[in-house]
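S.K.: Residue numbers (the numbering used here): 4 to 190.
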Amino acid sequence: VPNSVAGTNTMAYVTHIKDDGTMYVYTGTISGAAGSKVLTFENPNGFSTLKVTTGKPVAAIGKTTYTSLQDAIDKAKSGETVKLLDDVTLSGGDGNTKGVITIANKDIILDGNRFTLKADGVVDKTSMINVQDTPTGKTVTIKNLKIDSNGEAKHGININGASVSVETVEIVDGTGYGIVCNSSTLS
């Protein structure tokens, strides 16, 4: 393992990208002396492109893990559950109606798994989560989550043209409202 990856780390993550775009992230152990370090991991999903990083997976859809929550949400198919595996720190946004995390044109479940989304470097007037344009008759569920706007993000959840169910969600320290619901259904 190159020193640029190994450094003083004892763990690294291997992203396995299948030809169909499916990604798996495996946890590996780094061992050995400087200059001859070895990364050991188990790959139960066959051969294809592998990428080694120290970025820890933060979300999963079934057994497929992701180092970015937005990537997991983007890959989720209708009816699937995106489950957090750790606390996630969010930054960026456009200061408009888009959230740092956006769920659009799909009905999924975002299960926070009792972890926290925390703002750090979020653009003023940006929402932490934006849900928009769910398919007719379908609902996005957000549950078991703490959203900490950290005095930066305007709203915890901004809903536009969507049906959203919120279950056991705590929203704190925003500069605006916890939840904004425009032309939408909230339960």
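Every residue, glycine too, gets a C-beta built ideally from N, C-alpha and C.
Predicted model, so just to flag it, every value in this text is computed and none were measured.
1) Name the DSSP bridge partner or partners of serine 34?
2) Could you tell me which of Lys121, Val125, Ile145 and Ala165 sits nearest to proline 138, measuring between CA atoms?
3) Under 7 Å, do asparagine 133 and leucine 87 count as touching if we go by C-beta distance?
4) Mind checking which residues open and close the beta strand (DSSP E) that includes lysine 78?
5) Is the CB-CB distance between tyrosine 27 and threonine 67 below 7 Å?
6) Please go through the same chain and pick out, in chain order, the residues whose beta-carbon is closer than 8 Å to the beta-carbon of valine 125, but skip the five residues on each side of it.
7) CB-CB under 7 Å to aspartate 136, same chain, minus the five flanking residues each way: which ones, in chain order?
8) If you follow the beta strand (DSSP E) that lysine 86 is part of, which residue opens it and which one closes it?
9) One question on the structure: do isoleucine 150 and leucine 120 come within less than 7 Å of each other, judged by their Cβ atoms?
M.R.: According to the data block:
1) Val41
2) Ala165
3) no
4) Not the beta strand (DSSP E): lysine 78 falls in the alpha helix (DSSP H), residues 72-78.
5) yes
6) Leu93, Ser94, Gly95, Gly96, Val103, Met131, Ser152, Asn153, Glu155 and Ala156
7) Ala107, Asn108, Gly164 and Ala165
8) 84-87
9) yes
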